[in-house]
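Taking it in order: structure first as structure tokens, then the write-up.
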Amino acid sequence: MKNFTSVYDIDNLQEIIAKALKIKENPLENPTKGKGKTIGLVFLNSSLRTRLSSQIAAQNLGLNVLTLNAAQEAWNLEFADGTVMNGDTVEHIKDAIEVLNQYCDIIAVRCFAGMKSKEDDVNESILSQFLKHAKVPVISLESATRHPLQSLADCITITENWTGNRKPKVVLTWAPHIKPIAQAVGNSFTEWMQQMDVDFVIANPEGYDLDKNFTKDAKVIHNQDEALKDADFVYVKNWSSFEDYATMSKVEENWMLTNEKLELTNNGKVMHCLPVRRNLELSDEVMDGENSIIYQQAKNRIFSAQAVFSEILDDLN
Ligand code: CP
881 MKNFTSVYDI
891 DNLQEIIAKA
901 LKIKENPLEN
911 PTKGKGKTIG
921 LVFLNSSLRT
931 RLSSQIAAQN
941 LGLNVLTLNA
951 AQEAWNLEFA
961 DGTVMNGDTV
971 EHIKDAIEVL
981 NQYCDIIAVR
991 CFAGMKSKED
1001 DVNESILSQF
1011 LKHAKVPVIS
1021 LESATRHPLQ
1031 SLADCITITE
1041 NWTGNRKPKV
1051 VLTWAPHIKP
1061 IAQAVGNSFT
1071 EWMQQMDVDF
1081 VIANPEGYDL
1091 DKNFTKDAKV
1101 IHNQDEALKD
1111 ADFVYVKNWS
1121 SFEDYATMSK
1131 VEENWMLTNE
1141 KLELTNNGKV
1151 MHCLPVRRNL
1161 ELSDEVMDGE
1171 NSIIYQQAKN
1181 RIFSAQAVFS
1191 EILDDLN
């Protein structure tokens, strides 16, 4: 694997899920695979799970880990080409990436949507600079439009929780929030579910349809109760409007997932990428209830990252 920024960088999804589940059985099976190599984890945005699970995964493989919380600890970065840098920005992203090339064998970066320019976000204005200037493999730790390590962890979690002999019904349901949130997790989950052997449905209010480039021919239902009927997995996530970009229109119905709504499902397992706003996106009773597999999903972030780092190392060695 050269880079990892979307499901399209994976040759065989079932094989990498199986690999991750094998790693989960014995995470320290290859403790020297990354010996002498360095991974730089560059965070332009906040993180708990991605930072820590990536560090654990890298350490399990014997990689040296450099973590840069760039927004807080590095120089203020300039992203536009040709700018006269006589303002607040101190270092151009091109120069920062060239320096990372000198220190790292793999560069992993978190660069959220700016939520100001739809064009910049759709075109991955920051990730594309890493892909352009990096001379080593690039891994996305969540970009403007996708969160592939999360989505792989989601696929692992669904696989290990499904014992039925039919396709599971998986519902991605929109949830309320107090501020506009990017569509990256919803887009990415949709893209990966389309590669899984599942019956996939997206439920969101009118005005909140995801980008058609991601949903393609996925079933989209604007009535949450109808969508939840007989679901085996319910993935809860907020996102802002894509059409009226990065805005939130008022939603009259209550889309928070509760135990009452969960009764419509086939004893559905509940997923969320975290962090979650309790009693806004889903209720305490759901979060703490026996159908929640949310912490298991968070644990699987380690094995998702370790499987990907391992494949990248295979092509480095
Ligand atoms: N799910 C996820 O990516 O969590 P963090 O934002 O805390 O890394």
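In short: position in the sequence shown from 1, add 880, done, that's my numbering.
For each residue, glycine too, the CB sits at the ideal point set by N, CA and C.
- If you look at S1020, you'll find it isn't in any alpha helix (DSSP H); it sits in the beta strand (DSSP E) that goes V1018 to S1020.
- Residues I1038, W1042, V1078, D1079, D1112 and F1113 of the same chain have their beta carbon placed closer than 8 angstroms to that of P1048, with the five preceding and five following residues left out of the count.
- For the ligand CP, a non-hydrogen atom lies closer than 7 angstroms to the CB of S927.
- Rounded to the nearest whole angstrom, the C-alpha separation of H1152 and L1090 is 18 angstroms.
- Within the same chain, L1144 come within 6 angstroms of K1109 by CB-CB distance, once the 5 residues on both sides are set aside.
- Note that the segment 1117-1135 touches the segment 1055-1064; at least 3 beta-carbon pairs, one per stretch, sit closer than 8 angstroms.
- Of the residues assessed, K882 falls on the exposed side of the cut-off, its CB having fewer than 16 other CB atoms within 10 angstroms.
- Judged by the Cβ position, C1153 qualifies as a neighbour of the ligand CP at the 7 angstroms threshold, a heavy atom of the ligand being closer than this.
- Exclusion of the five residues before and after Y1125 leaves K998 as the residues of its chain whose Cβ lies within less than 7 angstroms of its Cβ.
- Annotation: A1111 is outside any beta strand (DSSP E) and is labelled neither H nor E by DSSP.
- Taken through DSSP and simplified to helix, strand or coil, V1116 comes out as strand.
- As the crow flies, the alpha-carbon of I977 is around 16 angstroms from that of V945.
- In the three-state reduction of the DSSP assignment, V1065 falls in the helix class.
- T969 sits away from N981, with the two beta carbons spaced by 8 angstroms or more.
- Taking the Cα of N1084 as reference, the smallest distance to any Cα among V964, Q1075, E1071 and A1107 is reached at A1107.
- Under the three-state reduction of DSSP output, H972 falls in the strand class.
- Comparing alpha carbon positions, the residue from V1156, I897 and G916 closest to D985 is G916.
- About 5 angstroms separates the beta carbons of N1139 and E1165, which is inside the 8 angstroms limit, making them a contact pair.
- Put simply, of A988, A1062, V1188 and E1071 the residue whose alpha carbon is nearest the alpha carbon of I919 is A988.
- In the three-state reduction of the DSSP assignment, F992 falls in the coil class.
- The continuous alpha helix (DSSP H) containing M1167 extends over residues D1164 to M1167.
- Taking 7 angstroms as the cut-off, the C-beta of Q1030 counts as close to a heavy atom of the ligand CP.
- In this structure, the beta-carbon distance from S933 to R1181 falls below 8 angstroms.
- Within the model, the alpha-carbon separation for V1100 versus E1086 is close to 10 angstroms.
- Secondary structure note for A938: it is in no beta strand (DSSP E), and the uninterrupted alpha helix (DSSP H) holding it is R929 to N940.
- Residue side-chain check: E1161 keeps its Cβ at 7 angstroms or more from all non-hydrogen atoms of the ligand CP.
- Beta bridge pairing from DSSP links I986 with I919.
- The shortest CA-to-CA distance from T1053 to any of N925, I890, D1105 and T885 is the one to D1105.
- If you compare the alpha carbons of D891, F959 and V1188 with that of H972, the shortest gap goes to F959.
- The alpha carbon of C991 has as its nearest neighbour, out of L924, R929 and Q939, the alpha carbon of L924.
- Not one heavy atom of the ligand CP falls within 7 angstroms of the beta-carbon of R1157.
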